[in-house]
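Just so it is clear: in the sequence shown, position 148 is 148 by my numbering, and no numbers are missing.
From the three backbone atoms N, C-alpha and C, an ideal C-beta is built for every residue, glycine too.
Report on one structure; see the data block that follows.
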Amino acid sequence: MALSALEHTRRPQWLTFDCYGTLIQWDEGLQAAVRGILSAKQTEAVDPARFISIYDRHEHALEQTSPHRSFRSVTADALRLALNELGLQSDADDARALTDSISAMPPFPEVTVALQGLKEAGYRLCIVSNTDDEIIAGNVAQLGGLIDRVVTAQQAGAYKPSRKIFDYAFDSLGVTRDEVVHICASPHLDHAAAREVGFRCVWIDRGTGRTALPDYTPDATLATLDQVPVLFNRLGW
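Dropping the structure here:
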């Protein structure tokens with residue numbers, strides 16, 4: 001593993017993490033939830049991958065539309081719009097099924113051990129996530145009590161990639177951007193914020209097809225979370 005742009009920078013006090021896709025199995029869980037929703041409507045004509053693409057488009061647009069709304073509300077409307085776009089009817093059970101499934105999504109296999117290693121090395125761990133407190137609580141409960149703080153879009157009143165959620169997180173933790181390393185899987189959201197705000201960023205590229213932004217290079221790129229403690233050890237942190 002080659003050393004990264006983090007070499008010769010200061011050891012962080014806090015590590016902040018994107019949750020879904022980085023710690024929690026988002027793609028796998030979302031695909032299962034969508035298959036369940038479509039199956040309940042007794043339709044096999046809609047490709048779940050196409051449905052998710054349409055849902056994502058609506059979700060991201062709603063998150064960036066004023067005034068700020070809860071993730072539960074955003075999810076319900078994005079799901080309704082995606083179903084309607086495909087000529088399918090929506091009802092309240094659809095949104096409830098999706099948010100319940102999000103809260104139950106498990107961590108990737110290596111995550112808990114990796115977080116334990118980082119805690120033992122003296123880092124404090126914070127999640128920064130585009131969700132509501134109630135929804136993410138189920139995911140955090142599966143992380144073995146290793147997370148020190150959770151910052152959500154609900155608390156900050158803003159969704160990534162807005163810098164507002166990261167400014168809120170840094171203020172809440174009592175740190176500057178130079179005292180943090182952010183670890184994430186999403187170029188579209190987290191890398192865009194890192195580019196604007198200037199905090200250090202490690203990309204967990206799990207090979208899901210997400211592509212780097214053309215005008216931003218993360219400080220390090222790793223395939224899985226358990227490579228983070230290895231890198232930090234090599235940096236002398």
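Nearest CA to the CA of residue 128: which residue from 11, 12, 19, 4? 19
How is the alpha helix (DSSP H) around residue 62 delimited, first residue to last? 48 to 63
In whole angstroms, what is the alpha-carbon distance linking residue 171 and residue 44? 48 Å
Can you tell me which of 140, 138, 188, 147 puts its alpha carbon nearest to the alpha carbon of residue 159? 188
Best match in 66, 65, 143, 58 for proximity to residue 77 [C-alpha to C-alpha]: 58
To the nearest angstrom, how far is the alpha carbon of residue 223 from that of residue 207? 7 Å
Measure the Cβ-Cβ separation of residue 226 and residue 110 and say whether it is below 7 Å. yes
State the Cα-Cα distance for the pair residue 26 and residue 102, rounded to the nearest angstrom. Between residue 26 and residue 102, the C-alpha separation is close to 8 Å.
Between the alpha carbons of residue 136 and residue 182, how many angstroms are there, rounded? 18 Å
Please report how far the alpha carbon of residue 82 lies from the alpha carbon of residue 30, in whole angstroms. 14 Å
Tell me the start and end of each unbroken alpha helix (DSSP H) in the segment 155 to 195 that is at least 4 residues and wholly inside, in chain order. 163 to 173
Range covered by the alpha helix (DSSP H) that runs through residue 71: Its alpha helix (DSSP H) spans residues 71 to 85.
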